[in-house]
Amino acid sequence: MTLAATFLAGAKSRLLPASIPFRFFATAAVFHVLMWLVLLAWTNEATSFRGGPGPTLAVVHILVLGVLTTTAIGASAQLLPVATRHALAAVWPIKLVFWLTVPGIAALIVGMYAANPEIIIPAAIVTVVGLLLYAGLLADNLRRAGNLAVVAAYGWAALVALVLLVGLGLLLALDYEIGVLPNHAAAALAHMILGGFGFMGLLVLGFSHVLVPMFALAAAPPNRPSFIAFALATAGVAIGSIGALADSMPTLTAAALIGLGAAVLHLWLMSRVLKSGMRKRLGQSFLLIRTAWILLPATLLIGLAALYGLAGSNGPTLFGFLLIAGWLLTFLLGILQRILPFLASMHANRTAGAAPPLLSELAASAPLKLHAVCHGIALAVLSLAIAVDSTWLTRAGSAVGLVGAVAFAWFTASVTRRALHW
Amino acid sequence: MTCARPEDGTRIWHTTEGVHIDVRGLEPPEPMVEILRMIDHGAVESVLIAHFDREPIFLYPELVDRGWNHEIVPSSCGEPDCADEVKLRIVRWGA
């Protein structure tokens, strides 16, 4: 038996079939293109968006559910069983998560675009069922996380935020038809905080404690300051959600300041990791990751300014844009372009039984360079468009973003094809 | 293949099969970092036997990029704490 063949037998135990994570990543790439396309072609009031059904709400959910959430599900379903040493008990539940969430998200987006509660409500129910099933799978793995204490703590907090987030999301959907919420806008802000800073944000912060040291070839950050950052981050999310529901400016201010403390501490920990890492040339993925790190405190500062009316008339929109398209999307795209070739290489190892491919063979650099440039330009132009309330600039920025998203989809398709058919 | 770790608790030891390193108990990604540090610093000539408590799947592409091959081998030290270990034999290509 060859060395590689021997490896195949051992690796099967904890790696999911390649089609499972890659179906989520491919879906995210498709929704990423769709997001820019809808923003470019069919959205007129994005720069002053304050909520309510219509094309802009659809764009927001294409991004947060279609891109960010599907990426998070694919990555955590693949990485956590490896990290916790416990394979998923069966593959069908994660397949069911896919078949509930993706059609549910697609229908939800159609319903939001058309402002039709008769589509929104059943689609929201299907999506919520899928996300709760995912939450169950995540919980099953987190309880075995053992010596990944920091990651597990962030994971549990993200899971709680997810459950609250989907519950509130369902109430927001029902509110369009039967009026169950006393203050729809306040609940929508809490929903956004729980989704952006809670579920997605805490997952991003938690996984950073393993992924960034892994990419930089460094030791994980020390536990004590990591737990302080965790405590600050979760407190910020909890207080912010309560402040939003209570429509309380002092509470929201406190949450933003606590969140800033968490962000600064997290960024200090990450900078220490990079300084101590064996790998100094981190590649262009870290251009995106470093950009996202700058955008994290910038988002909180803009949010704070918007709270006091100091960020212009579209300050709240800029805050939401920087949160989901700035910090979260930029970070996930940076991480994805590192993880995808890794996973493809491992799956190629398993299926080939021959010489495994080099990472450099799997990571086509031209589409990634094009994407990074376009993504950066799109973020800058759209931020300006929101600040000066320009539909023309929004379309220009969206066109550039669309080119970048197509390039990223090209990269994803190329890596996925190699993972499945090497 | 033997895998008995010295009683003094040292993580690195030598046997006739090659250099051993025990990275069990370390928090990810430190096991991977320790292995790559040994390889990059030239501390291993041709064969490294690494003892993990989880399969180091993110290590594999890094090994390939450095020109090292790998195989999971059965653990046979006979100690109870070896029951769940993952033992990886890492070999420089052409060695």
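Chains as they are written, first to last, in the working numbering: chain U, 2 to 423; chain D, 2 to 96. Glycine included, each C-beta is placed from N, C-alpha and C at the ideal position. Note that the coordinates shown come from a computational prediction; the quantities given were computed from them, not determined experimentally.
| Can you give, in chain order, each stretch of the beta strand (DSSP E) that sits fully within the stretch 294-328 of chain U and has at least 3 residues? | none
| query | Assuming residue 71/D contacts residue 91/D under a Cβ cut-off of 8 angstroms, what Cβ separation, rounded to an integer in Å, is found between them? | reply | 5 angstroms
| said: Threshold first: 4 residues or longer. Then list the alpha helix (DSSP H) segments lying entirely within the stretch 45-109 of chain U, N to C. | reply: 56-62, 71-85
| request: Please confirm if the stretch 64-82 of chain U is in contact with the stretch 20-28 of chain U, defined as three or more CB-CB distances below 8 angstroms between the two stretches. | output: yes
| Between residue 137/U and residue 30/U, what straight-line distance do the alpha-carbon atoms span, to the nearest angstrom? | 25 angstroms
| Is there contact here, the stretch 13-26 of chain D with the stretch 38-50 of chain D, by at least three beta-carbon pairs under 8 angstroms? | yes
| Closest Cβ-Cβ distance between residue 211/U and chain D: below 8 angstroms? | yes
| query | When the Cα atoms are used, what is the spatial distance from residue 41/U to residue 395/U? | reply | 7 angstroms
| query | Helix or strand or just coil, what does DSSP make of residue 88/D? | reply | strand
| Chain-ordered residues of the stretch 278-289 of chain U with a beta carbon less than 7 angstroms from chain D | 279
| query | Exposed or buried, what is residue 19/U when buried is set at 16 or more other beta-carbons lying within 10 Å of its beta-carbon? | reply | buried
| task | Establish whether the CB of residue 39/D and some CB of chain U are separated by less than 8 angstroms. | result | no
| said: Suppose you measure from the CA of residue 331/U to the CA of residue 33/U; what does that come to, to the nearest Å? | reply: 12 angstroms
| message | If we require 4 or more residues per run, which alpha helix (DSSP H) segments fall completely within the stretch 161-224 of chain U? | response | 185-194, 202-217
| message | Based on DSSP bridge pairs, tell me the residues matched to residue 50/D. | response | 21/D, 90/D
| query | What residue does the alpha helix (DSSP H) around residue 74/D start on, and which one ends it? | reply | From DSSP, residue 74/D is part of no alpha helix (DSSP H) but of the beta strand (DSSP E) over 69-74.
| Which residues in chain D sit within 9 angstroms of residue 347/U, going by Cβ to Cβ distance? | 58, 59, 61, 62
| message | I want to see whether chain U comes within less than 8 angstroms of residue 34/D, judged by CB atoms only; does it? | response | yes
| For residue 130/U and residue 222/U, the rounded distance between their alpha carbons | 36 angstroms
| Three-state class that DSSP yields for residue 28/U in the structure shown | helix
| Just curious, the beta strand (DSSP E) that residue 252/U is in, first and last residue? | Run containing residue 252/U: none in the beta strand (DSSP E); it sits in the alpha helix (DSSP H), 250-277.
| What distance in whole Å lies between the Cβ atoms of residue 379/U and residue 398/U, which are believed to be in contact at a cut-off of 8 angstroms? | 5 angstroms
| query | Would you say residue 218/U faces chain D, with C-beta separation under 8 angstroms as the test? | reply | yes
| task | Can you tell me the Cβ-Cβ gap for residue 140/U and residue 160/U, rounded? I've got them flagged as a contact below 8 angstroms. | result | 6 angstroms
| query | How would you call residue 23/D, buried or exposed, if buried means at least 16 neighbouring beta carbons within 10 angstroms? | reply | buried
| field | Chain-order list of residues whose beta-carbon lies under 7 angstroms from that of residue 1/U (same chain, five-residue window excluded) | value | There is simply no residue 1/U to check, as chain U begins at 2 and stops at 423 in what is shown.
| request: Output yes if chain D places a C-beta closer than 8 angstroms to the C-beta of residue 215/U; else output no. | output: yes
| Delimiting residues of the beta strand (DSSP E) encompassing residue 16/D | 13-16
| task | Report the neighbours of residue 221/U on chain D: residues whose CB is nearer than 8 angstroms to its CB, in chain order. | result | 28, 29, 30, 31
| query | With a CB to CB cut of under 7 angstroms and the five nearest residues on each side skipped, what residues in its chain are close to residue 59/U? | reply | 39, 110, 113, 114
| Between which two residues does the alpha helix (DSSP H) harbouring residue 45/D extend? | Unbroken run through residue 45/D: none, as it is neither H nor E.
| field | Meets three-Cβ-pair contact criterion under 8 angstroms: the stretch 307-327 of chain U and the stretch 219-233 of chain U | value | no
| field | Under the three-state DSSP convention, the category residue 390/U falls into | value | coil
| Cα separation between residue 30/D and residue 249/U? | 42 angstroms
| query | Is residue 103/U closer than 8 angstroms to residue 21/U when the C-beta atoms are compared? | reply | no
| said: For residue 405/U and residue 372/U, which I take to be in contact (beta-carbon distance under 8 angstroms), what is that distance rounded to the nearest angstrom? | reply: 4 angstroms
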